[in-house]
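Data first, discussion second: the structure below is written as structure tokens.
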Amino acid sequence: MKVIVPPVKCQGIKTKLIPAILGNVPMPVAGRWIEPFCGSGVVGLNIHANRATLADSNRHIIELYQAIRDGVITSYMVRTFLEREGRRLEQDGEQYYMEVRTRFNEFCNPLDFLFLNRSCFNGIIRFNSKGKFNVPFCHKPDRFASAYVTKIVNQVKTFAEVLRGRDWEFKVQSFRETLGNVQPEDFVYVDPPYAGRHVDYYNSWTDVDERDLISTLKNLPCRFLLSTWHSNKYRSNPAIQEVWSQPGFHFVTVEHFYHVGSTEVLRNSMTEALVANYPISQANVPPRNGLVTYTELQQALQF
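The following block contains the structure:
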């Protein structure tokens, strides 16, 4: 299947898990598609729900997507901006990247956020305790070559086309707010920060947050599908056995690749779990012969 790729890159993006996720979502969704941790928005983008609420605590992703939805930012505008800023980056390299980063941290322009997201180290979204974007430069002054700009422009254009004529809302709010008014006919897809792992994405994720989320999911009046980590070669997620192996819940596993790391040796494979409060099937997880290789991953993520 052809996966629609969003304009924003972020750690933990579920691009390669889309077939497994879609294979286990009962369609069509009668009510509203709800994501309390939308991140890049790649899952919702591939669901094509008529009504959706995509929320996140990261205001910069939400504001960019709101601007694209509302036509405030267009694909033409993105091309003009990235071509101009790309020429400056090619000329001045890291010095100009830092100039844009400083400018963004002062004015929070969504186009600057897109520029930084596509030229920072390893596509990481990370902010310090004062809410300032602090990811270093990727050290590729020619980052915004013509083909790469065209790819981003097409992603923005496709994003706008998917939303056209649909009732989609983007909200900056906590998962508690997002899940506080869910209706029985809605469907909730949950992709929270991985408990017990490095989660310096936008703000912290605590044990209290994890417990509150689990409690909330258990009491939802509608169906939900949760993406979480199952295990890697070092350890396993205790919540799989302690919580999600209880009666009333079902889970399947799929091989995934954790690609945030300073070197290839730190970018380890992991097993992802898809957990639901309705029957799901391993048969709906596309088979793979072995793990995704680093080369395959890099090719897949060159968006």
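In this text, residue positions in the sequence shown follow this note's numbering: the first is 405, and each later residue adds one.
Cβ coordinates follow ideal geometry from the N, Cα and C atoms, glycine included.
Going by alpha carbons, who is nearest to tryptophan 382 out of Asn641, Asn688, Asn454?
Lying outside 405 to 707, the shown extent of the chain, residue 382 is not represented and no answer is given.
Can you give me the start and stop residues for the beta strand (DSSP E) that aspartate 460 sits inside?
Translated into the one-based positions of the sequence shown, residue 460 becomes position 56. Its beta strand (DSSP E) spans residues 455 to 460.
Assuming phenylalanine 537 contacts phenylalanine 511 (C-beta within less than 8 Å), just tell me the rounded distance between them.
Mapped onto the sequence shown, residue 537 falls at position 133. Mapped onto the sequence shown, residue 511 falls at position 107. Contact doesn't hold; Cβ gap of about 12 Å is too wide.
Which whole runs of the beta strand (DSSP E) in the segment 564 to 611 are 3 residues long or more, in chain order?
Within the segment 564 to 611, the complete beta strand (DSSP E) runs of at least 3 residues are 571 to 576, 591 to 594.
Report the rounded CA-to-CA distance for valine 658 versus isoleucine 438, giving the unit in angstroms.
Taking the first residue of the sequence shown as position 1, residue 658 is located at position 254. Taking the first residue of the sequence shown as position 1, residue 438 is located at position 34. Straight-line Cα distance between these residues: approximately 23 Å.
Run through the DSSP bridge pairs and tell me what alanine 680 is partnered with.
Locating residue 680 in the sequence shown gives position 276, where the first residue counts as 1. DSSP lists Leu629, His654 as partners of alanine 680.
Please name the residue, chosen from Asn450, Tyr598, Val412, Gly435, that lies closest to glutamate 589 on a Cα-to-Cα basis.
The residue labelled residue 589 in the question sits at position 185 within the sequence shown. For glutamate 589, the nearest C-alpha among the options comes from Gly435.
Is asparagine 623 a contact residue of the ligand HEM, with contact defined as CB to any heavy atom under 6 Å?
Among the ligands in the structure shown, none appear at all, so the ligand HEM cannot be discussed.
Exposed or buried, what is lysine 637 when buried is set at 16 or more other beta-carbons lying within 10 Å of its beta-carbon?
Taking the sequence shown and counting its residues from 1, one reaches residue 637 at position 233. Lysine 637 should be labelled exposed.
Starting from the C-beta of glycine 527, find all residues in its chain whose C-beta is less than 8 Å away, skip the five residues before and the five after it, and write them out in chain order.
Working through the sequence shown from its first residue, we reach residue 527 at position 123. Contacts found: Lys413, Cys414, Gln415, Asn521, Leu705.
Give the secondary structure of threonine 506 by DSSP, where H, G and I count as helix, E and B as strand, and everything else as coil.
Sequence index remark: in the sequence shown, residue 506 carries index 102 (1-based). The answer is helix: DSSP assigns threonine 506 an H, G or I state.
Methionine 481 by DSSP, collapsed to three states: which one?
Translated into the one-based positions of the sequence shown, residue 481 becomes position 77. Three-state result, methionine 481: helix.
Using 8 Å as the Cβ pair cut-off and three pairs as the minimum, do the segment 440 to 448 and the segment 457 to 465 touch?
Result yes; three or more Cβ-Cβ pairs closer than 8 Å.
With burial defined as no fewer than 16 other Cβ atoms inside 10 Å of the residue's Cβ, what is the status of valine 476: buried or exposed?
Within the sequence shown, numbered from 1, the residue matching residue 476 stands at position 72. The residue in question, valine 476, is exposed, as its Cβ has fewer than 16 Cβ neighbours within 10 Å.
Would you identify the three-state DSSP class for isoleucine 529, choosing helix, strand or coil?
Within the sequence shown, the letter at position 125 stands for residue 529. Correct three-state label for isoleucine 529: coil.
Check valine 664 in the structure and name its three-state DSSP category.
Residue 664 sits at position 260 when you count from the first residue of the sequence shown. Reliability of the predicted coordinates at valine 664 is poor, the pLDDT of 48 falling under 50, and the value obtained from them is presented with this limitation in mind. Coil at valine 664, not helix or strand.
Do the CB positions of phenylalanine 525 and valine 539 come within less than 7 Å of each other?
Counting from one through the sequence shown, the residue named residue 525 turns up at place 121. Counting from one through the sequence shown, the residue named residue 539 turns up at place 135. Their beta carbons are under 7 Å apart, which means phenylalanine 525 touches valine 539 by this criterion.
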